[in-house]
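To keep things clear, I will list the structure first and then write my remarks on it.
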Amino acid sequence: MVRAAATVACMPGPDTAPFVDRPDGDLAREVASAPAGQAAAAEGELYRRFARRVRLFGVKHLRDDMAADDLAQQVMLIAIERLRAGEIRNPDEIGSFILSTSRMVATGLRRTERRREHLHMRMEAGEPVDMPRDERLFDADRIKPCLASMRERERTILLLTYYVERSATEIAAAMGMTAGAVRVARHRAVAAMRDCLDARRSA
Amino acid sequence: MTTRPSPCLSIGELSDYWTTDISLDEIEHIEAHVFECSACTQLLADADLLRRGIGDVARTGGFQAFVTDSLLNQFARDGVRVRTYAMDAGGSVQCAVWDDDDVLVTRLRADFSGVTAIDAVLRLETGEEWGRTSDVPVPAGSHELIMALPAEFVRRAPEVPIRLSLRSTSASPGDAPLAEYTFDHRGALSRRSR
Chain A
8 MVRAAATVAC MPGPDTAPFV DRPDGDLARE VASAPAGQAA AAEGELYRRF
58 ARRVRLFGVK HLRDDMAADD LAQQVMLIAI ERLRAGEIRN PDEIGSFILS
108 TSRMVATGLR RTERRREHLH MRMEAGEPVD MPRDERLFDA DRIKPCLASM
158 RERERTILLL TYYVERSATE IAAAMGMTAG AVRVARHRAV AAMRDCLDAR
208 RSA
Chain B
166 MTTRPSPCLS IGELSDYWTT DISLDEIEHI EAHVFECSAC TQLLADADLL
216 RRGIGDVART GGFQAFVTDS LLNQFARDGV RVRTYAMDAG GSVQCAVWDD
266 DDVLVTRLRA DFSGVTAIDA VLRLETGEEW GRTSDVPVPA GSHELIMALP
316 AEFVRRAPEV PIRLSLRSTS ASPGDAPLAE YTFDHRGALS RRSR
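Written out as structure tokens, the structure is:
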């Protein structure tokens, strides 16, 4: 499975540029209508779009980066194989299909010990899912001054939410606020942090 | 380009996905949207990187804030090296940081009855302001606030007494402070040189 998944991961070799502006459904139809393996560019573009979504889903539900990489590759392999086989009846709903497949595969990974085996194998042979965003924008050295520039209560809310992993209700009790006010302040703080990071990048 | 079946979400709303207090319905709503929308996929990924970055900053003690015991417990679990002092209102403490300290924590005790938020100001003995924090929330019934400073920040402090004044955010300019504390700063100490 890992070797096959890596094959899918390596598909974006062909020039995917002609497909960049095409809707997801068009790409899915292109894969479904072509002879197996003959729509490599469309498959590559589908992979590029959806693998990172599945990976984010995996990070949330499996709480493990390598397991999330593994999930992304397994799900994309299934999706492309099903498209090639003409087994997806409505290609316009490819996103919905990939999401439901993600749920199913993640459940399977959680239920069995296969997850550990996959992780072990991936450490030897796998490839990480491509994350195109410049991750350096979010490194600690860049975040530190932006965090320092926040209002005190917003800074504390971000730390308690993302470092200590406390709920809005718990944070509200600790800070003498309501849970709703904590969530609103958190939304504002996250947006301000991203603006600050973007501004520093531009500068 | 992808179709967008529902209105896009803000990065603030998407960041809820990475919290512990989001409901299953909200998770499913975000996932259904993100799997149809590439722009929101990017925002969700940014929110993920942001939360990881905040965690990285916290694990190095690289922030100044009023914190909770739960955050100090997380420090302990992560092996963050914390030096702790405690003072009553009007108190003074001889303080220093060691070269392997990450964070300096001070438990500031006082009567905060009726106070919902405070402003905190650090001044050198010359009167020069050395740091300020505004609108620190004070939960009802609190008798203590916990101030965390990066050890790196304290290492750069002059070796002189530094006074911390806490005032109610709603106080008038002429009102006396709620509490004052003196850090008799003795500098940065190195285990290697002893």
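If you're matching them up, the sequences are chains A and B in order. Using the working numbering, the letters of the first sequence map in sequence onto residues 8 to 210. Using the working numbering, the letters of the second sequence map in sequence onto residues 166 to 359. Glycine included, each C-beta is placed from N, C-alpha and C at the ideal position.
N- and C-terminal bounds of the beta strand (DSSP E) containing residue i
{"i": "S299 of chain B", "result": "294-302"}
{"i": "E345 of chain B", "result": "344-354"}
{"i": "Y54 of chain A", "result": "Premise fails: Y54 of chain A lies in the alpha helix (DSSP H), 47-69, not in any beta strand (DSSP E)."}
{"i": "A79 of chain A", "result": "No beta strand (DSSP E) contains A79 of chain A, which is instead part of the alpha helix (DSSP H) from 72-91."}
{"i": "T271 of chain B", "result": "268-274"}
{"i": "D264 of chain B", "result": "First-last for D264 of chain B: undefined, no H or E at that position."}
Buried versus exposed, by CB contacts within 10 Å (16 or more), residue i
{"i": "R193 of chain A", "result": "buried"}
{"i": "T249 of chain B", "result": "exposed"}
{"i": "A275 of chain B", "result": "buried"}
{"i": "D181 of chain B", "result": "buried"}
{"i": "Q80 of chain A", "result": "buried"}
{"i": "E293 of chain B", "result": "exposed"}
{"i": "M111 of chain A", "result": "exposed"}
{"i": "E94 of chain A", "result": "exposed"}
Element boundaries [alpha helix (DSSP H), containing residue i]
{"i": "G177 of chain B", "result": "176-180"}
{"i": "S188 of chain B", "result": "Run containing S188 of chain B: none; DSSP gives neither H nor E here."}
{"i": "P152 of chain A", "result": "147-155"}
{"i": "S209 of chain A", "result": "186-209"}
{"i": "T261 of chain A", "result": "Since the first residue shown for chain A is 8 and the last is 210, residue 261 of chain A is missing from the structure and cannot be characterised."}
{"i": "S203 of chain B", "result": "203-224"}
{"i": "E177 of chain A", "result": "175-182"}
{"i": "D234 of chain B", "result": "234-243"}
Cα-Cα separation, residue i to residue j
{"i": "L215 of chain B", "j": "C173 of chain B", "result": "19 Å"}
{"i": "I278 of chain B", "j": "I105 of chain A", "result": "The sequence given here places Ser at residue 278 of chain B; Ile does not occur at that position. Going by the C-alpha atoms only, they are around 55 Å apart."}
{"i": "A341 of chain B", "j": "T206 of chain B", "result": "52 Å"}
{"i": "M157 of chain A", "j": "M200 of chain A", "result": "8 Å"}
{"i": "S188 of chain B", "j": "V61 of chain A", "result": "20 Å"}
{"i": "A132 of chain A", "j": "I87 of chain A", "result": "Residue placement at A132 of chain A is poorly supported in this model, since its pLDDT is 49, which falls under 50; the coordinates still yield a value, given next. The alpha-carbon atoms of A132 of chain A and I87 of chain A are separated by roughly 21 Å."}
{"i": "V189 of chain A", "j": "A92 of chain A", "result": "49 Å"}
{"i": "S299 of chain B", "j": "E159 of chain A", "result": "7 Å"}
{"i": "R118 of chain A", "j": "H308 of chain B", "result": "47 Å"}
{"i": "T168 of chain A", "j": "R36 of chain A", "result": "42 Å"}
{"i": "E324 of chain B", "j": "M312 of chain B", "result": "20 Å"}
{"i": "S335 of chain B", "j": "I283 of chain B", "result": "8 Å"}
{"i": "D265 of chain B", "j": "F64 of chain A", "result": "38 Å"}
{"i": "T168 of chain B", "j": "L78 of chain A", "result": "At T168 of chain B the pLDDT is 48, less than 50, meaning the model places this residue with poor confidence; the figure from the coordinates comes in the next sentence. Cα to Cα, the separation comes out at about 24 Å."}
{"i": "L273 of chain B", "j": "S330 of chain B", "result": "11 Å"}
{"i": "E193 of chain B", "j": "T271 of chain B", "result": "42 Å"}
{"i": "V199 of chain B", "j": "W263 of chain B", "result": "48 Å"}
{"i": "E172 of chain A", "j": "P25 of chain A", "result": "43 Å"}
Beta-carbon proximity of residue i to residue j, cut-off 9 Å
{"i": "G222 of chain B", "j": "A179 of chain A", "result": "Per the sequence shown, residue 222 of chain B should be read as Val rather than Gly. No, Cβ-Cβ distance for V222 of chain B and A179 of chain A is not below 9 Å."}
{"i": "V82 of chain A", "j": "S109 of chain A", "result": "yes"}
{"i": "F318 of chain B", "j": "T163 of chain A", "result": "no"}
{"i": "Y346 of chain B", "j": "V247 of chain B", "result": "no"}
{"i": "S203 of chain B", "j": "A198 of chain A", "result": "no"}
{"i": "L90 of chain A", "j": "V27 of chain A", "result": "no"}
{"i": "S174 of chain A", "j": "A155 of chain A", "result": "no"}
{"i": "L179 of chain B", "j": "L208 of chain B", "result": "yes"}
Contact set between residue i and chain E, taken where Cβ atoms lie within less than 9 Å
{"i": "R208 of chain A", "result": "Annotation note: the requested chain E is absent from the structure, which comprises protein chains A and B."}
>> Across the stretch 248-268 of chain B and the stretch 278-296 of chain B, are there enough close Cβ pairs to call them in contact, namely three or more that are closer than 8 Å?
In response: Fewer than three pairs of CB atoms, one per stretch, sit closer than 8 Å, so the stretch 248-268 of chain B makes no contact with the stretch 278-296 of chain B.
> Okay, do the stretch 40-51 of chain A and the stretch 61-71 of chain A touch, 3+ Cβ pairs below 8 Å being the bar?
Replying inline: Too few Cβ pairs lie closer than 8 Å, so no.
> Does the count of Cβ pairs from the stretch 306-318 of chain B and the stretch 224-241 of chain B closer than 8 Å reach three?
Replying inline: The count of Cβ pairs closer than 8 Å, one atom from the stretch 306-318 of chain B and one from the stretch 224-241 of chain B, reaches three, so the stretches are in contact.
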